[in-house]
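Here my numbering is used: the first residue of the sequence shown is 6, the next is one more, and so on.
Note that CB positions come from ideal geometry on N, CA and C, so glycine has one too.
Worksheet for the structure shown next.
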Amino acid sequence: MLAVALAVLVGTTALTACQTDPMPADVTVSWAGDGRTAVQVSWKDDNAPNRITIEGVLSSSPSYVKYVGAGEPNTWEIPTSAFPPDGNYRVAVATGTSQGGVTSKLARSDVFDTDGPVRPGAASATPQGRGVLMTWSVPVAPQDFTPNDPMDVKGPKTQRYVPMVGRPGGTMRAIGPGTTSTRQLIKSLQPPYLFQLRAQNEWSTRVGGEVLGLTSSINGVVPALAQFSVPVHVRGRVVMQEVVCEAETTCVERRATPAGVPVVVLTQVTPGARWTPAARGSTTAGGHYDIPMINGPSRPYKITVPGYTRVGVLTGSSSSRPAYTKSVVRVATAGFVGGPAKRRGDNVLVYTTVKPAMNSTAILQSWNRQTRTWVNLKAVPLRNGQASLLFKASQAGSFAYRFVIPGAMMFGRPMNGTTTPQLPLNVR
């Protein structure tokens with residue numbers, strides 16, 4: 006028991022002896038110079054050696070220790086890199102040395118925060134000549150839980166935005182000085198590229214406000230032959246090239262096949278005319294597209310990805326090679342009025358309707374069983390796409406007829422002719 010009591014007494018005496026020196030007073034912090042690269046801490050004492058540390062307030066304390074000799078000024082600059090970002094801290098000063106330890110109570114500065122810059126939000130690109138105008142938004146700064154602390158920088162624009170661009174084969178690099186504006190005109194910038202903003206304030210840096218400048222390539226297939234006014238499908242695939250830049254590495258170009266890329270089918274209505282939209286669609290997963298459209302007269306078509314912008318993306322335009330679709334006159338209806346069953350001596354009215362509603366001459370033919378050929382019977386006027394012929398069923402039997410529809414010219418280009426389906430007639 007006596008040994009324990011002596012140990013307690015000795016420990017208490019040693020602890021008291023370590024803190025017998027006067028405590029430093031009036032610990033203050035401020036920015037060291039206009040560059041705000043260091044925190045200057047100052048204090049008052051009686052020409053004693055001091056130890057400087059950083060204490061976290063509801064944050065972990067960083068492992069920073071600095072000893073200042075008795076004969077040195079009562080001030081020290083702590084680099085901002087010693088303070089972890091986005092925390093609350095204060096500087097503590099005590100009398101002490103690296104050999105003898107702390108010999109006074111701690112004197113502390115006011116609490117201050119090390120909040121980093123507000124990350125730039127959505128960015129958009131607008132082409133301007135060979136360059137591009139970048140604009141971005143900045144969210145509202147979060148609540149300051151240490152208002153008016155000694156390290157607060159006064160003024161509404163306390164952070165700057167450094168524009169960064171990465172191109173294939175290079176690294177992300179600054180292309181201009183930091184700005185307090187939320188817009189930047191970049192001259193001679195063409196896809197592919199990756200644009201980023203590096204937001205900086207006195208404490209740290211955050212990256213945001215990205216824009217991907219993409220190039221595109223497109224292929225497509227249109228039918229070589231299609232009936233007039235029937236639905237057809239234009240199919241193909243769009244491949245994008247995007248730039249990927251990892252930290253401290255060379256930027257690389259990578260294929261992408263996103264969904265939602267707009268696709269436009271263009272056509273020339275007449276030979277030599279300008280290309281105008283005929284149908285529109287967009288890609289699905291994998292970059293594929295399938296655009297339905299109603300086939301018109303014979304025309305060339307080409308499929309294009311128009312240059313477009315949306316938040317975070319700017320896409321360059323591309324087009325497929327033109328492909329020609331030749332149209333075929335379409336038979337809309339054909340048959341016998343009243344049906345194909347007739348009696349001998351009845352009047353028979355055979356008819357057809359075609360698209361487009363053209364004016365020409367159709368040929369009515371019948372099937373000759375002996376020669377196994379179609380034989381011309383009568384030239385029938387085709388008016389506004391309609392032709393008909395009235396004749397008498399003079400003998401009983403089974404017969405077959407058809408109309409031969411000639412080709413046509415429409416908007417300066419030829420269309421193929423066609424024949425109606427075989428039209429059977431039964432006479433009893």
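- Put simply, the backbone Cα of Leu194 is about 13 Å away from that of Gly181.
- One alpha carbon belongs to Tyr94, the other to Ser142, and they sit about 30 Å apart.
- Judged by their CB atoms, Arg113 and Val137 are not nearer to each other than the 9 Å cut-off.
- Annotation for Gly402: Val432 place their beta carbon closer than 7 Å to its own, counting only its chain and skipping 5 residues before and after.
- Contact between Gly241 and Ile308 is confirmed by a C-beta separation of about 6 Å, below the 8 Å threshold.
- Taking C-beta atoms as the reference points, Phe404 and Pro426 fail to come closer than 9 Å.
- With respect to the C-alpha of Thr262, the residue from Pro236, Cys256, Gly292 and Val145 having the closest C-alpha is Gly292.
- Pro78 sits away from Trp208, with the two beta carbons spaced by 9 Å or more.
- By alpha-carbon distance to Ser221, the top candidate from Phe200, Leu202, Leu230 and Arg259 is Arg259.
- Remark: fewer than three beta-carbon pairs, one from each stretch, lie closer than 8 Å, so the stretch 243-251 and the stretch 149-157 are not flagged as touching.
- Under the three-state reduction of DSSP, Gly106 is assigned to strand.
- Val269 is the residue among Ser287, Gly121 and Val269 whose C-alpha sits nearest the C-alpha of Trp280.
- In this structure Lys397 is exposed. Its beta-carbon is surrounded by fewer than 16 other beta-carbon atoms within 10 angstroms.
- Per the C-alpha coordinates, the member of Val359, Asp26, Asn352 and Pro297 positioned closest to Lys110 is Asp26.
- Within the stretch 389-431, the complete beta strand (DSSP E) segments of 3 residues or longer fall at 391-397, 402-410, 413-415 and 418-420, listed in chain order.
- Counting only residues of its own chain and dropping the five nearest sequence neighbours on each side, Gln273 has a CB closer than 7 Å to the CB of Trp280, Arg304 and Pro305.
- Residue Thr33 holds the alpha-carbon nearest to the alpha-carbon of Thr80 among Pro386, Asn206, Thr33 and Gly92.
- The beta-carbon distance between Met177 and Gly171, rounded to whole angstroms, is 4 Å. This is short enough to meet the 8 Å contact definition.
- About 6 Å separates the beta carbons of Tyr198 and Val248, which is inside the 8 Å limit, making them a contact pair.
- Between Arg56 and Pro122, the C-beta spacing is not below 9 Å.
- A direct Cα-Cα distance of roughly 14 Å separates Gly61 from Val70.
- The continuous stretches of beta strand (DSSP E) do not include Trp208, and DSSP gives it neither H nor E.
- Within the stretch 249-303, no run of alpha helix (DSSP H) at least 4 residues long lies entirely inside it.
- Leaving aside the five residues that flank Ala53 on each side, the residues in its chain whose CB is nearer than 7 Å to its CB run, in chain order, Asp26, Ala75 and Thr100.
- Apart from the 5 residues on each side of it in sequence, Gly417 sits with its Cβ closer than 6 Å to the Cβ of Thr275 and Pro276 in its chain, given in chain order.
- Residues Ala367, Leu369, Ala392 and Leu394 of the same chain have their beta carbon placed closer than 6 Å to that of Val385, with the five preceding and five following residues left out of the count.
- For Phe341, the enclosing beta strand (DSSP E) has its first and last residue at Arg335 to Phe341.
- Between Ala43 and Thr85, the C-beta gap is smaller than 9 Å, which places the two residues in contact.
- Between Gln148 and Gln45, the alpha-carbon positions lie close to 25 Å from each other.
- Counting C-beta atoms within 10 angstroms of its own C-beta, Met414 has fewer than 16 neighbours from the protein chains shown and is therefore classed as exposed.
- Beyond the five residues adjoining it in sequence on each side, Arg203 comes within less than 6 Å, by CB distance, of Val167, Met169, Thr210 and Val212 in the same chain, given in chain order.
- The Cβ atoms of Tyr294 and Val239 sit closer than 9 Å to each other.
- Relative to Asn224, the option among Ser324, Tyr313, Gly174 and Asp39 whose CA is nearest is Ser324.
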